[in-house]
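*Asks:*
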Amino acid sequence: KLQSGVAGLLTRLLPTIEAYFMVNSSCPEDSSSGLKRTDKVEGQEVLNVATDFVHLVSSPCSYQGDGLSDRRSRSSFPNKSLVAFVASNKVLLNALLRANPSLLEKGLKAMVEVPQCRAFMDFDVKRHWFKAQVRRLRQHASRRHGSLRLNIRRKNVFEDAFHQLRLRNSEEMKGRLHITFKNEEGVDAGGLTREFFAILAKEMFNPNYALFTSTEDGCTFQPNPNSSINPDHLSYFRFVGRIVGKAVLDGFLLDAHFTRSLYKHMLGVKPTHHDMQAIDPGYYKNLQMVLQYNLEDIGLDLTFSTEDHSFGRSQTIDLIPNGRNIPVTEDNKEEYVKLVCQHRMTTSIQGQIKAYLDGFYELIKPELISIFTAKELELLISGLPDIDIGDLQANTDYQNYKPSDPQIIWFWNIMFSLTKSEKAAFLQFVTGSSKVPLEGFSQLQGMRGTQKFSIHRASGSNAALISAHTCFNALDLPVYSSEEEMREKILYAINEGAEGFLFA
7 KLQSGVAGLL
17 TRLLPTIEAY
27 FMVNSSCPED
37 SSSGLKRTDK
47 VEGQEVLNVA
57 TDFVHLVSSP
67 CSYQGDGLSD
77 RRSRSSFPNK
87 SLVAFVASNK
97 VLLNALLRAN
107 PSLLEKGLKA
117 MVEVPQCRAF
127 MDFDVKRHWF
137 KAQVRRLRQH
147 ASRRHGSLRL
157 NIRRKNVFED
167 AFHQLRLRNS
177 EEMKGRLHIT
187 FKNEEGVDAG
197 GLTREFFAIL
207 AKEMFNPNYA
217 LFTSTEDGCT
227 FQPNPNSSIN
237 PDHLSYFRFV
247 GRIVGKAVLD
257 GFLLDAHFTR
267 SLYKHMLGVK
277 PTHHDMQAID
287 PGYYKNLQMV
297 LQYNLEDIGL
307 DLTFSTEDHS
317 FGRSQTIDLI
327 PNGRNIPVTE
337 DNKEEYVKLV
347 CQHRMTTSIQ
357 GQIKAYLDGF
367 YELIKPELIS
377 IFTAKELELL
387 ISGLPDIDIG
397 DLQANTDYQN
407 YKPSDPQIIW
417 FWNIMFSLTK
427 SEKAAFLQFV
437 TGSSKVPLEG
447 FSQLQGMRGT
457 QKFSIHRASG
467 SNAALISAHT
477 CFNALDLPVY
487 SSEEEMREKI
497 LYAINEGAEG
507 FLFA
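Positions 7 to 510 (the working numbering) are the ones given, in order, by the sequence shown.
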């Protein structure tokens, strides 16, 4: 939190900050110099920002928008100095937005409208803005359509909800949900609705519906490419999308964790081959070998095709026209890896993804969730987990470290001091998901089945960042010289360097 003196100074600067945003958010071209970096919230740094503001506002850009295309220009051609300013002063701006969230709809709305600026907003700030938007949607729908009442048999929650909700349009779905379980006297004051969502979160992954398959670690799920064995599978996927959207709209958390690639599809972001690691670690490792080694040296003779084994039949699928007759070479192997991953994570389940997204977008429009990253979207849907650091510590293995080493003592001191959201970010960083095993960390799953969290002494420079191998729930920890240095490196890694994976 800002000290009162700094907070007062920021309040006095607010009109200047808003003026700067209004002018520069309309300018597609970079027209002014960058600002000083202010990573710490200190009074002198705020004064430095004030000096820079005077310079910037005294030389505004000359761009004149045409009104209708202003918003498109802000999105497609962001002003570089605006993005640079937001990046350099994100701590101060997030503090301002926490103190006055309505700024995101007024003077600082470019923080939402300019995609490059969204990355510098903290998750809690984004979530507060999002909740304000969906609250208006709920209130509008409730005034027009009233409550959404469902009378459900407890033993048939999934089927009853599916058949009753398929008759409702998107506006009716946004009304206040009221659940009654048949032959029960419970009155829904929120508890029955919460129980309803909890049951659905389990049933949507029921193997009998054949909608989703679990990844190697059993913690996350993605659409089943063979779901067509269920003749109504696309209707069910749309239903699941509506349920997830309804839970997000109403603020209920689901114990449902999807693969990173599906979250990216929800955000309109194309998955990369790194996202394959969480789905099939062994396959990902083979792809990494293709990229890192000469194909002749490892004896691989590949073509631009892949084999599909479904329902006892095998067929060759071309990744490009006539791909089965086009060899993979050193020059085109990166394109091959991209296409084969695209097939696994997108093309082979395209119909399922579309049906799921159609249902989700009926309740939550893409522009509302576009402010989140894939990791933040998981937290929005499933919530911040209760992470027992003591249990994690009790179920940790060490490689070339001892529990009594100073670096290990510092590490656990830091872990216990993290906020709830930082603990979730750390768990995502080392395991690929924020989901905590039901049986605790003794049952943490990895590439080889049950695989405890492990800390390895990292070779190389002591100034290097920590790194993670999510297939093995392993953390490479350099031998830092102080607890303060280690804290800085850990926080930087989990907040800034959490995209992408390492080969192990």
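All C-beta atoms, glycine included, are put in the ideal place defined by N, C-alpha and C.
Note that the structure is a prediction, hence the values are computed from the model and not measured.
Report the start-end ranges of each alpha helix (DSSP H) in the region 203-284 that is 4 residues or longer and not cut off at the edges.
*Replies:* 239-256 and 266-273
*Asks:* Measuring CB to CB, does S427 end up less than 9 Å from E384?
*Replies:* no
*Asks:* With H, G and I counted as helix, E and B as strand and the rest as coil, what does DSSP make of L483?
*Replies:* strand
*Asks:* With distances taken from CA atoms, which of V246, R200 and P333 is nearest Y215?
*Replies:* V246
*Asks:* Using DSSP with H/G/I as helix, E/B as strand and the rest coil, what is G452?
*Replies:* Here G452 sits in strand by DSSP.
*Asks:* What separation, rounded to the nearest whole angstrom, lies between the Cα atoms of I323 and R172?
*Replies:* 35 Å
*Asks:* Work out the CA separation of I249 and D403 for me, nearest whole Å.
*Replies:* Cα to Cα, D403 sits roughly 40 Å from I249.
*Asks:* Three or more C-beta pairs closer than 8 Å, one from the region 474-486 and one from the region 283-295: is that the case here?
*Replies:* yes
*Asks:* Taking only the alpha-carbon atoms, compute the straight-line gap between L102 and L16 and give it to the nearest angstrom.
*Replies:* 8 Å
*Asks:* Check this for me: beta carbons of F422 and I395, under 9 Å apart or not?
*Replies:* yes
*Asks:* Rounded to whole angstroms, what is the Cα-Cα separation between S31 and K137?
*Replies:* 24 Å
*Asks:* So who's on the other strand from R319, going by DSSP bridges?
*Replies:* S316
*Asks:* Starting from Y342, trace the beta strand (DSSP E) both ways and give me its first and last residue.
*Replies:* First-last for Y342: K339 to M351, but that is the alpha helix (DSSP H), not the beta strand (DSSP E).
*Asks:* Quick check for students: name the residue ranges of the alpha helix (DSSP H) that lie wholly in the region 389-447, counting only runs of 4 or more.
*Replies:* Counting only runs of 4 or more, we get 395-400, 412-423 and 426-437.
*Asks:* Out of L19, Q122 and F91, which has the shortest C-alpha to C-alpha gap to I377?
*Replies:* Q122
*Asks:* Report the CB separation of I370 from V254 in whole angstroms; it is logged as a contact under 8 Å.
*Replies:* 6 Å
*Asks:* Which first and last residues belong to the beta strand (DSSP E) in which A167 is found?
*Replies:* According to the DSSP assignment, A167 belongs to no beta strand (DSSP E) but to the alpha helix (DSSP H) extending over V163 to L171.
*Asks:* What is the residue span of the beta strand (DSSP E) that R463 lies within?
*Replies:* F459 to R463
*Asks:* Identify whether F27 lies in helix, strand or coil by the three-state DSSP scheme.
*Replies:* helix
*Asks:* Kindly indicate which residue of N232, S87, F27 and F187 has the alpha-carbon position closest to the one of G318.
*Replies:* N232
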